[in-house]
Amino acid sequence: MTRPDWDEYYLGIARAVSARANCSRRQVGAVIVVHNAIIATGYNGTPIGVRNCNEGGCPRCASDAPTGAGYDACICVHAEQNAIVFAARHGNATNEGVLYTTLRPCFGCAKEAIQAGIRRIVFAEPFAYDAELEEVYLRLIRESGIELVERAVR
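Here's what the structure looks like:
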């Protein structure tokens, strides 16, 4: 019998969480773990009480904007943001936690994870910026001291 290591285990859970996402463009799931205990999960989609993407709730998702464009019209909350916010909403501290996510966090989510005290981010799929922005992203990660790890999920 081969058991998954902790990273594989929690990334598998993040993948299962992503199945709840209501974004019509991409399904992303996230899990926050502190001392090997899941304290919050999140998936991407519209805010609570707002029509889901598949119901026409998000103007960007309903448009034909290409990947990486039209974010000013997007009302969806990212999976990582939702996990951090739900942890706070339920009184769970994220300090010293690990964020597992199916997609490498965007700039905003990386900054929010840093502010939330997350010390390690493990992601399954890459998300790259153009060379100049990628350099700034990696500098942010490096200077914050957060560990960023890409792991494929089997």
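In our numbering, each number is its position in the sequence shown, counted from 1, plus 522.
Yeah, the Cβ is synthetic: ideal placement off N, Cα and C, and Gly gets one too.
{"Query": "Residues near ILE663 by beta carbon distance below 6 Å, same chain, minus five either side", "Result": "LEU670"}
{"Query": "Option nearest GLU665 by Cα separation, candidates PHE649, GLU647, ALA632 and GLU672", "Result": "ALA632"}
{"Query": "Length of the line joining the Cα atoms of ASP652 and MET523", "Result": "43 Å"}
{"Query": "Per-residue burial, TYR593 [other beta carbons within 10 Å of its own, 16 or more giving buried]", "Result": "exposed"}
{"Query": "For ILE640, the three-state DSSP class (helix, strand or coil)", "Result": "coil"}
{"Query": "GLU669 - containing alpha helix (DSSP H), residue span", "Result": "Careful: GLU669 lies outside any alpha helix (DSSP H), inside the beta strand (DSSP E) at 669-672."}
{"Query": "Pairwise C-alpha distance: GLU672 and PRO526", "Result": "16 Å"}
{"Query": "Continuous beta strand (DSSP E) stretch holding TYR565: start and end", "Result": "559-565"}
{"Query": "N- and C-terminal bounds of the alpha helix (DSSP H) containing ALA536", "Result": "528-540"}
{"Query": "Proximity test, ARG547 beta-carbon vs the ligand PLP heavy atom, cut-off 6 Å", "Result": "In the structure shown, the ligand PLP is absent, as is every other ligand, since no ligand is present at all."}
{"Query": "Burial state of ILE570 (16 or more Cβ within 10 Å)", "Result": "exposed"}
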